[in-house]
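What follows is a short report on a single structure.
Spelled out as structure tokens, the structure:
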């Protein structure tokens with residue numbers, strides 16, 4: 009970025025603001041690499057490993073590419089280097105790690121347990137350097153970098169796009185990416201910094217190593233197509249709907265837990281139905297059938313306003329479904345993510 013990192017004077021060298029920022033990020037990155045070397049079973053020891061002291065950024069790029077492509081040739085193609093260069097980097101990495109990081113199979117490369125741990129820590133270290141790049145570019149007046157937001161179906165359709173637009177207005181040069189997926193998939197990506205934040209319906213407790221921040225409670229209601237028989241004569245009790253062919257949330261989803269608890273309160277098991285995890289397919293199924301779904305009316309507010317879908321006035325007793333975000337509990341957010349997290353609560357008023 010062309011920034012001065014140290015001021016030199018008669019009493020020696022003193023870090024500039026840019027130098028202070030870079031030093032802090034570098035310390036965090038090296039701490040992750042030290043964790044990579046000693047392994048999760050020895051965290052907290054004073055051992056220093058060769059990875060933290062000797063690994064290069066190119067070797068980390070190779071390691072991550074190999075974990076993604078499971079092939080030296082494909083990893084080389086993705087990095088724009090030769091296969092022998094990738095092979096040499098892998099040999100050097102495994103020497104520094106002191107053991108194999110991949111099993112060599114006929115079908116390709118497969119991470120060992122140690123390899124998976126090293127890849128995770130390498131990605132976290134790289135995230136610190138990406139954060140440093142953002143902070144230094146902000147000092148020269150044009151913040152650059154990336155922001156990747158993981159979103160869960162049925163819970164973020166209105167809030168995340170608005171937050172992204174607010175961030176883009178302040179940081180137009182930041183490349184922003186939205187990633188949709190299941191809770192389990194996105195949590196795994198969050199743990200290793202493939203995404204920066206996960207926004208959606210929160211679980212009762214956050215997974216280990218992550219912290220969650222509630223933003224608002226999102227009530228659920230029974231939604232059907234306009235013209236559904238229930239629009240003319242609504243069921244008096246949830247038990248009266250048990251024989252309907254429901255659209256069911258996926259196992260583990262808070263909405264499914266809420267539906268199961270609501271039926272259990274009336275002495276019934278979860279009804280039969282089809283499990284759908286796609287908002288688009290749920291809307292299509294609602295519009296083309298008499299299936300009901302328990303969902304947030306906020307997620308289909310445009311369809312309700314346009315007369316395509318309707319909310320059945322049927323009370324459903326369930327615990328509040330909390331919408332919020334998850335981040336790593338040791339996170340030091342880069343500027344774009346920090347702005348995104350600051351914006352989210354302001355959109356609720």
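In my numbering, the protein residues as written are 9 to 357. The beta-carbon is built from N, C-alpha and C at its ideal position, and this holds for glycine as well. Keep in mind that this is a model prediction, so the values were computed, not measured.
- A Cβ-Cβ separation of about 5 Å places residue 224 in contact with residue 356 under the 8 Å criterion.
- With the rule of 3 Cβ pairs closer than 8 Å, the stretch 342–356 counts as touching the stretch 169–186.
- Nearest to residue 71 by alpha-carbon distance, out of 47, 109 and 90, is 109.
- Counting only residues of its own chain and dropping the five nearest sequence neighbours on each side, residue 66 has a CB closer than 8 Å to the CB of 97.
- Residue burial annotation: residue 282 is exposed, with fewer than 16 other C-beta atoms found within 10 angstroms of its C-beta.
- When DSSP states are grouped into helix, strand and coil, residue 178 belongs to the helix group.
- If one requires a minimum length of 3 residues, the beta strand (DSSP E) runs lying completely within the stretch 264–338 are 281–283, 301–303, 317–319 and 330–336, in chain order.
- By the neighbour-count definition (other C-beta atoms within 10 Å, threshold 16), residue 133 is a buried residue.
- In this structure, the beta-carbon distance from residue 157 to residue 231 does not fall below 8 Å.
- Taking the Cα of residue 184 as reference, the smallest distance to any Cα among 168, 10 and 279 is reached at 168.
- Take residue 139, set aside five residues on each side of it, and the residues of its chain with a beta-carbon closer than 6 Å to its own are 33 and 342, in chain order.
- Put simply, the backbone Cα of residue 161 is about 28 Å away from that of residue 243.
- With a cut-off of 8 Å on Cβ pairs, the stretch 200–211 is not in contact with the stretch 283–294, counting fewer than three such pairs.
- Residue 118: member of the beta strand (DSSP E) spanning 116–119, first to last residue.
- Out of 93, 95, 117 and 107, the CA that lies nearest to the CA of residue 79 is found in 117.
- Look at the beta carbons and you see the stretch 120–131 not touching the stretch 79–96: under three pairs across the two are nearer than 8 Å.
- Excluding sequence positions up to five before and after residue 18, its CB lies less than 6 Å from no other CB in the same chain.
- Contact check for residue 228 and residue 303: beta-carbon distance about 6 Å, within the 8 Å limit, so the pair qualifies.
- With fewer than 16 other beta carbons inside 10 angstroms of its own, residue 148 counts as exposed.
- Look at the beta carbons and you see the stretch 238–252 touching the stretch 321–328: at least three pairs across the two are nearer than 8 Å.
- Counting only unbroken stretches of 4 or more residues, the alpha helix (DSSP H) elements lying wholly within the stretch 203–247 are 237–240, in sequence order.
- Partner residues in the beta bridge of residue 15, as assigned by DSSP, are 22.
- Secondary structure note for residue 85: its alpha helix (DSSP H) is the uninterrupted segment 80–87.
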